[in-house]
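Have a look at the structure below before the remarks.
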Amino acid sequence: MNLPPTLRAATRRSPLALWQAEHVAALLRQAHPGLAVELVGVDTEGDQRLDVAISAIGGKGVFAKEVQQAVLDGRADFAVHSAKDLPAVTVDGLVLASVPERGDVHDALVGTTLDGLAPGATVATGSQRRRAQLTRLRPDLRFVELRGNMATRLGKVPDGGAIVVAAVALERLGLSDRVAQVLSVDQMVPQVGQGALGIECRADDTGTERLLRAIEHPASRHRVDAERAFLVELGGDCDLPAGAHAHLPGVQDEGVLVVDGFLADSGEAGAVAVHHRASGDDPRALGTAVARHLRAALAERVGLR
């Protein structure tokens, strides 16, 4: 295969995003010896406007749209995203070309454990999904907003309280020692795509797509496809109190997928919430079915309240 002189990778400039882009570059160099990869740093609206909640400035797209635009207008050949930051529907002109092997999907508490939180303790998180599930476990907790890169977040642990972050982010930044507790999927269903990377390129750039396909991890792709189909069906964004976790229980990462889904009507105390688990061998059909079941179940529960 003839290699281009250089592939340009668009990425956010945060330390975590740069780690992820360098990781993808290393995977590409390993798959295609001699390939040069150059990082193209992009400032996003989500990184610049730290004074307001993500939902107030556009939800998921605030961390992706400028990075995607760099690919669409030719400043970069592909983009590296945290899969959880990608809008549920891929934008026109791009294709989700590759999902490398997924990392840890779990949420983690920094500060103290769930049981160690005093009655009425403060937990910092901007996620409605996290608030809704923590409220079910500990209705006494109070919540405050949390924004910024990881260093900023770690500096905002409330006195006697905790912050909630993705465990994989701390691991990738060499900060796993800050984890007080990793929450199980039974305690907190993760965000769609959490722990995974999504790599996009232009839909008409078949040469770059072919190079990116070489670092795809099929089992991780199946899991992410199921979760993204779940979110597409809900018409959701990162502000929606919803989560989905797809896994392959087979030891060889083969066979039937299992999806756990969560949906609530809000992230506040007294919210109505529902869970559902289903299995199947078609990722998109399975994710869609779980979302439909939850939406119907939630509507019924809310109607009976």
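Each residue of the sequence shown is one higher than the one before, counting from -7 in our numbering. Yeah, the Cβ is synthetic: ideal placement off N, Cα and C, and Gly gets one too.
- Boundaries of the beta strand (DSSP E) harbouring residue 116: 114 to 116, taken from the DSSP string.
- Beta-bridge annotation (DSSP): residue 173 is paired with 101.
- Look at residue 29 here: in three-state DSSP terms it is strand.
- Taking a C-beta distance under 9 Å as the contact criterion, residue 206 and residue 73 do not qualify as a contact pair.
- In chain order, 100, 102, 159 and 162 place their CB closer than 7 Å to the CB of residue 171, counting only its own chain and leaving out the 5 sequence neighbours on each side.
- For the pair residue 291 and residue 226, the Cα-to-Cα distance works out to about 13 Å.
- Looking from the CA of residue 135, the closest CA among 211, 144 and 156 belongs to 156.
- Taking C-alpha positions only, residue 186 is separated from residue 76 by approximately 5 Å.
- Taking every protein chain shown into account, the CB of residue 248 has fewer than 16 other CB atoms within 10 angstroms, so this residue is exposed.
- For residue 217, the number of other beta carbons within 10 angstroms of its own is at least 16, and it is reported as buried.
- In the DSSP assignment, residue 3 is bridged to 33.
- With three or more CB-CB distances shorter than 8 Å, the region 115 to 128 counts as touching the region 176 to 190.
- Excluding the 5 residues flanking it on each side, residue 268 has same chain C-beta neighbours closer than 6 Å at 253, 282, 285 and 286, in chain order.
- Taking 4 residues as the minimum length, the alpha helix (DSSP H) runs contained wholly in the region 200 to 287 are 210 to 226, in order along the chain.
- Comparing alpha-carbon positions, the option among 223, 219 and 98 lying closest to residue 168 turns out to be 98.
- Around the CB of residue 18, fewer than 16 other CB atoms lie within 10 Å, so the residue is classed as exposed.
- Around the CB of residue 131, fewer than 16 other CB atoms lie within 10 Å, so the residue is classed as exposed.
- For residue 71, the enclosing beta strand (DSSP E) has its first and last residue at 70 to 74.
- Going by beta carbons, residue 6 and residue 141 fall inside the 9 Å limit.
- Residue 295 carries a helical assignment under DSSP once its states are collapsed to helix, strand and coil.
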